[in-house]
Amino acid sequence: MTTRCKPPDCPILLVEDNPDDIMLTKRAFTKCQIQNKLYVTHDGEEAIQFLRKKGKYKDAPTPGIVLLDLKMPKLDGFEVLENIKSDDKLKTIPIIVLTVSARDKDIERSYKLGCNTFITKPASFKDFIETMMQIKRYWLIISKIPLAQYGE
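Last residue of the sequence shown: number 154 in the working numbering, and the count goes up by one each step with no gaps.
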């Protein structure tokens, strides 16, 4: 069964290994008044465990959106993306690749693997805030997000 996710009930998963980027994202959520619960995993392997509700994540919610970095230890963002989009229970979750890369090769590969949006992280915090506002407007206000009901 699939239900619609409505802000601020829609949990968001941030898959990011850089502590500074995690802190900046949390600050941006506050500045942008994004009230959605933000969950953080620090590498690709942990993200897959969270999404599949394994181990310490057995009670984790299924996120309505995943913010995914590409360059991470264990499993990189491409491998996480491939895992999500090949899993019938997870593949409808929108994936926003949010990374420092602006390489055409990374953009093309991300879309081929099924990402919904590719965003290069802006260098300034002011621009990052504006990026988060755009994500909020589009993904949490304008669009309708299916929330996969994993395991049901």
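Where a beta carbon is used, it is the ideal one built from N, C-alpha and C, also for glycine.
Query raised in the report: Which of helix, strand or coil does DSSP assign to Val68?
Result: Note: Val68 maps to strand in three-state DSSP.
Query - Where Glu18 falls, given that 16 or more other Cβ within 10 Å makes a residue buried - result: By the neighbour-count rule (16 or more Cβ atoms within 10 Å), Glu18 is buried.
Query raised in the report: What separation, rounded to the nearest whole angstrom, lies between the Cα atoms of Trp141 and Ala30?
Result: CA-to-CA, the gap between Trp141 and Ala30 works out to about 15 Å.
Query raised in the report: CA-CA distance, Ile50 and Asp106?
Result: Ile50 and Asp106 have their C-alpha atoms roughly 26 Å apart.
Query raised in the report: If you run the structure through DSSP and keep just helix, strand and coil, what is Pro148?
Result: The DSSP-derived three-state label of Pro148 is strand.
Query raised in the report: Using the rule of at least 16 other Cβ atoms within 10 Å of the residue's Cβ for burial, across every protein chain shown, is Lys128 buried or exposed?
Result: With fewer than 16 other beta carbons inside 10 angstroms of its own, Lys128 counts as exposed.
**Report entry** Status (buried if at least 16 other CB within 10 Å, exposed otherwise) for Arg139
**Finding:** It counts as exposed.
Query raised in the report: For Ile144, does the count of other Cβ atoms within 10 angstroms reach 16, so buried, or fall short, so exposed?
Result: Counting the other Cβ atoms within 10 Å of the Cβ of Ile144 gives fewer than 16, which makes it exposed.
Report task. Under 6 Å Cβ to Cβ from Val99, same chain only, skipping five residues before and after it: list those, please. Result -> Cβ within range, chain order: Leu70, Ser112, Cys117 and Phe120.
Report task. Pull up the DSSP beta-bridge partners for Phe155, would you. Result -> No information on residue 155 is available, as it lies outside the stretch 3 to 154 that the chain covers here.
Query raised in the report: Who are the near neighbours of Leu115 in its chain, counting only those whose CB is closer than 8 Å to its CB and skipping five residues on each side?
Result: Cβ within range, chain order: Phe80, Leu83, Glu84 and Lys87.
Query raised in the report: Using CA coordinates, which residue listed in Met135, Ile147, Lys146 and Pro148 is at the minimum distance from Thr32?
Result: For the residues Met135, Ile147, Lys146 and Pro148, the minimum Cα distance to Thr32 belongs to Met135.
Report task. Using the Cα positions of Thr133 and Pro124, report the straight-line distance between them to the nearest angstrom. Result -> Their Cα atoms are separated by approximately 8 Å.
Query raised in the report: Can the beta-carbon of Ile109 be found less than 7 Å from the beta-carbon of Ile67?
Result: No.
Query raised in the report: Would DSSP call Val102 helix, strand or coil?
Result: Val102: coil per DSSP, three-state reduction.
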